[in-house]
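Asks: Each residue of the sequence shown is one higher than the last, beginning at 69 in my numbering. Backbone N, C-alpha and C define an ideal beta-carbon position, used for all residues, glycine too.
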Amino acid sequence: MVQIKVHHIDGRISRISVSPAVSLLNSLLSAGIAMHHRCGGKAQCGTCRIRISATSKDSTVTNSISAKEAERLTAIGADPAAGDRLACQTYVFADTDVYLFD
Ligand code: FES
69 MVQIKVHHID GRISRISVSP AVSLLNSLLS AGIAMHHRCG GKAQCGTCRI RISATSKDST
129 VTNSISAKEA ERLTAIGADP AAGDRLACQT YVFADTDVYL FD
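(1) For the ligand FES, which residues count as neighbours when the test is a C-beta closer than 7 Å to any heavy atom?
(2) Specify the secondary structure class of Gln-157 as computed by DSSP and reduced to three states.
(3) Grouping DSSP H, G and I as helix and E and B as strand, with all else coil, what is Arg-140?
(4) Which runs of the alpha helix (DSSP H) spanning at least 4 residues fall entirely within the segment 69-116, listed in chain order?
(5) Are the beta-carbon atoms of Thr-164 and Ile-72 separated by less than 8 Å?
(6) Output yes or no for whether 8 Å exceeds the beta carbon distance between Val-74 and Val-160.
(7) Please go through the same chain and pick out, in chain order, the residues whose beta-carbon is closer than 8 Å to the beta-carbon of Arg-117, but skip the five residues on each side of it.
Below, the structure is given as structure tokens:
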């Protein structure tokens, strides 16, 4: 298990434990954190967008962005260079910070 510090849009912070084998979306939902996920985790809607700490963008911290995820991030105007990811496509392997957009 790894530890994630979740930064809510209103300034609250939640600390949760996640398994590297479970998507970040499912980990957040399991922790009781409300997340939009209109397409059900298929990288088709972009409503689950989050931002990973800028210091945590290497492959030792999360899985790499797939072509499918990159396509959706581009379509919604997200910025992968800033750490934007789709929570449904992200697996976290080491402690990090996650920022919610809504
Ligand atoms: S839930 Fe639709 S892109 Fe993640």
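Replies: The relevant details are as follows:
(1) Leu-93, His-105, Arg-106, Cys-107, Gly-108, Gly-109, Lys-110, Ala-111, Gln-112, Cys-113, Gly-114, Thr-115, Cys-116, Arg-140, Leu-154, Ala-155, Cys-156, Gln-157
(2) DSSP, reduced to helix, strand and coil, places Gln-157 within a helical segment of the structure shown.
(3) Correct three-state label for Arg-140: helix.
(4) Counting only runs of 4 or more, we get 92-98.
(5) yes
(6) no
(7) Leu-141, Ile-144, Ala-146, Asp-152, Arg-153, Leu-154, Ala-155, Phe-169
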